[in-house]
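Student:
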Amino acid sequence: METYRLDYVSPIGILEIVGTEMAIRSILFVERTDVCYEAGETTPDVLNTCYREIEEYFNGRRQSFTFPYEVMGTVFQQDVWQALVMIPYGETTSYRELAMTLGRDRAVRAVGSANGRNRLSIVLPCHRVIGSNGTLTGYAGGLWRKEWLLRHEQTNAYSGLAKKHLPLHI
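Position one of the sequence shown corresponds to residue 171 (our numbering), numbered consecutively onward.
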């Protein structure tokens with residue numbers, strides 16, 4: 171099956187989206203400043219949808235994703251990646267808490283390793299996993315990006331809550 175690529179220029183660097191006509195296989199930050207892959211007539215709908223949803227995320231209008239994606243890894247890795255999706259937008263958990271959620275209390279390092287192999291940045295939100303002491307640790311895109319993503323989500327989560335649930339007094 172043919173593989174397609176599309177670059178999204180985010181506020182924190184270029185994300186390279188890779189997929190087939192059926193599903194997204196990876197969304198990773200790349201360390202380059204030039205766009206190499208732009209949308210064209212042959213760009214599959216799934217890549218265009220992914221691009222649009224990532225753009226909505228960075229614009230503060232999306233908290234979860236609907237496009238189809240594929241993950242390839244061990245059963246344990248897939249369990250970890252599935253658990254990542256359950257971490258609420260704008261919140262964090264620790265590697266230890268994630269291991270405990272999986273019923274694998276002693277697998278903290280294995281959880282960290284699985285996070286490091288996550289190929290769907292932002293969509294499988296490994297940036298929401300922090301150290302037990304509250305410090306930012308381990309992010310393939312760089313800790314500065316992890317911090318930015320967490321601040322972005324916390325700002326937008328609070329903003330959305332304020333807009334939806336707090337009465338306005340004029």
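Yeah, the Cβ is synthetic: ideal placement off N, Cα and C, and Gly gets one too.
Along the chain, where does the beta strand (DSSP E) containing R195 start, and where does it finish?
Tutor: Position 25 of the sequence shown, counted from the first residue, corresponds to residue 195. Unbroken beta strand (DSSP E) run through R195: 194 to 200.
Student: In its own chain, which residues sit with a C-beta less than 8 Å from the C-beta of G183, not counting the 5 before and 5 after it?
Tutor: Locating residue 183 in the sequence shown gives position 13, counting from the first residue. Cβ within range, chain order: F199, V200, E201, G311, R315.
Student: Give me the residue from Y174, R298, R287, A284 with the minimum Cα distance to E211.
Tutor: By one-based count along the sequence shown, residue 211 stands at place 41. Among Y174, R298, R287, A284, the Cα nearest to that of E211 belongs to Y174.
Student: For Q248 and E240, I'd like the C-alpha separation in whole angstroms.
Tutor: Position 78 of the sequence shown, counted from the first residue, corresponds to residue 248. Position 70 of the sequence shown, counted from the first residue, corresponds to residue 240. Using only the alpha carbons, I get a separation of about 10 Å.
Student: I'd like the list of long-range same chain contacts for A284, defined as Cβ closer than 6 Å, with 5 residues on each side in sequence excluded.
Tutor: As a position in the sequence shown, residue 284 is number 114, starting the count at 1. Hits under 6 Å: Q247, V250.
Student: Does the contact criterion of 3 or more C-beta pairs under 8 Å hold for the region 264 to 282 versus the region 221 to 228?
Tutor: no
Student: Would you tell me roughly how many angstroms separate the C-alpha atoms of A253 and D275, rounded to the nearest one?
Tutor: By one-based count along the sequence shown, residue 253 stands at place 83. By one-based count along the sequence shown, residue 275 stands at place 105. So the alpha carbons of these two residues sit roughly 14 Å apart.
Student: How many angstroms separate the CA atom of E191 from the CA atom of Y178?
Tutor: Locating residue 191 in the sequence shown gives position 21, where the first residue counts as 1. Locating residue 178 in the sequence shown gives position 8, where the first residue counts as 1. Approximately 18 Å, taken between the alpha carbons.
Student: Please check if any C-beta of chain D sits within less than 7 Å of the C-beta of V245.
Tutor: Among the chains in the structure shown there is no chain D, since it carries only a single protein chain.
Student: Measuring only the C-alpha atoms, how far is Y259 from S234?
Tutor: In the sequence shown, the residue the question calls residue 259 occupies position 89. In the sequence shown, the residue the question calls residue 234 occupies position 64. Between Y259 and S234, the C-alpha separation is close to 8 Å.
Student: Taking only the alpha-carbon atoms, compute the straight-line gap between A327 and F237 and give it to the nearest angstrom.
Tutor: By one-based count along the sequence shown, residue 327 stands at place 157. By one-based count along the sequence shown, residue 237 stands at place 67. So the alpha carbons of these two residues sit roughly 22 Å apart.
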